[in-house]
Structure formats: C-alpha cells, structure tokens
Amino acid sequence: GLMAGGQWHVWGKVVRADAWPAGLRFPAQRVFEDLSVVPRLMAGIEHAWYLAEPLVEYRSNPGSILGSMNPAKLHDWALALDDLSRAPGFDTAWADFTVQQALRLRRVAQRLRTPLPWWPEWWAALCERQALIRQTHTRWLAQPRRWASWLQLHRLMQEHALRSGAPPQRGGA
2 GLMAGGQWHV
12 WGKVVRADAW
22 PAGLRFPAQR
32 VFEDLSVVPR
42 LMAGIEHAWY
52 LAEPLVEYRS
62 NPGSILGSMN
72 PAKLHDWALA
82 LDDLSRAPGF
92 DTAWADFTVQ
102 QALRLRRVAQ
112 RLRTPLPWWP
122 EWWAALCERQ
132 ALIRQTHTRW
142 LAQPRRWASW
152 LQLHRLMQEH
162 ALRSGAPPQR
172 GGA
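According to the working numbering, the sequence shown holds residues 2 to 174 in order.
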C-alpha cells in the first residue's frame, strides 16, 4: 500500500477531521514535510483504505519546490528522515524506507556534487537511535547488487569523516 507505492504525500490522503491527531502540525519552513507528518498520522488511524489507482493527476514542473534540489532541501530531507525514525509505530517497513531514502539522498547529493559534511554523524546517530535501521541496512546490504552502492557510500562517508562538520540541527540549515 502506502510504502510500496511511496505514497507518503499528505495531499494524496482523505482523512476524517476527527482522525487527525491533536497537535499534529507540519514542520515550518521545510520541504519534505509530508515525511514528518504521514507516519504520525497513520499511526493513529485504526482503519485505512488504500486505493492503488490515482484519482488526481499529478504534474511536476521545473519551477516546483522539488523540481530542483539544493543543499537546504537535502538538509530538510535528512531532517524529515530523522523525524520519521522517531515516529510512533516505526517498524521494519519504515526502516526499509528510511534506509532507501537516506541512501537515495546521498546519491542525489553526489550527483549534484553537493558535500554533506553532517552526513557521517547524522547517519551514525540515526542508526544508533534505531537498531531497526541498523538491522535493515545490514539486510539491505546482503543483496549482492547493493554492494557497489554501499562501497561507494562507505568511501564517501570516510572522506566526509575526515572533515569537520556538524550534523543537521533542528530549525534550519
């Protein structure tokens, strides 16, 4: 359902007002805010119905918020994954998704030649906080086709570890 299709966008959900958790708010001034909200939203919903066929035609354009990526957006993406790892009901499906998204974030940064000096500390803290992510990452690496990506990621992390840098802080880049 939601995980298989990557459907964590809030705009693609119809939720009864009384099912929306009290106090659940979108993080201010951040992109990828859906990733911070959907897990908490879904954790409080007892019954959900998933419709695989689209009812809304989504169009993307180069001028849209996610039409291009920059260091601040990569930072927001990392913060959203951090929020996700702290969400109630965080389980294996979310851990799989988090690992895939974190490594995708790393590949996007590499493609854009954007250094992420906070990456090694952020990734280590994320894995330390969530043993489930560590287990998922290990399982993910057990798939032979993943080794090349992992070795490249490991090399990049070692390079970044040699530089000083702070992990992302809440409240801005």
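For each residue, glycine too, the CB sits at the ideal point set by N, CA and C.
Everything numeric in this text was worked out from a predicted model, so none of it was measured.
Query, Result
"Among the candidates PRO116, ASP97, GLN101, whose CA atom is the shortest distance from the CA of ALA73?", "PRO116"
"Taking GLY207 as the reference, give the member of VAL38, PHE33, ALA126 with the closest Cα.", "Outside the displayed span of the chain (2 to 174) sits residue 207, for which this structure offers no information."
"Who are the Cβ neighbours of ALA81 in its own chain at under 6 Å, not counting the five residues just before and after it?", "PHE33, LEU36, SER37"
"Counting only the same chain and skipping the five closest in sequence on each side, list residues whose C-beta sits under 6 Å from that of ALA88.", "PRO40, ARG41"
"Does SER61 pass the burial test, meaning 16 or more other C-beta atoms within 10 Å, or should it be called exposed?", "exposed"
"Are the beta-carbon atoms belonging to GLN102 and TRP78 less than 9 Å from one another?", "yes"
"Could you say which of GLY13, LEU56, VAL57, GLU129 lies nearest to MET43 if we only look at CA atoms?", "GLY13"
"Keeping to the same chain, check which residues put their C-beta closer than 6 Å to that of ALA20; ignore five residues upstream and five downstream.", "ILE46"
"Nearest by alpha-carbon distance to SER86: which of TRP123, PHE27, ARG114, VAL15 is it?", "TRP123"
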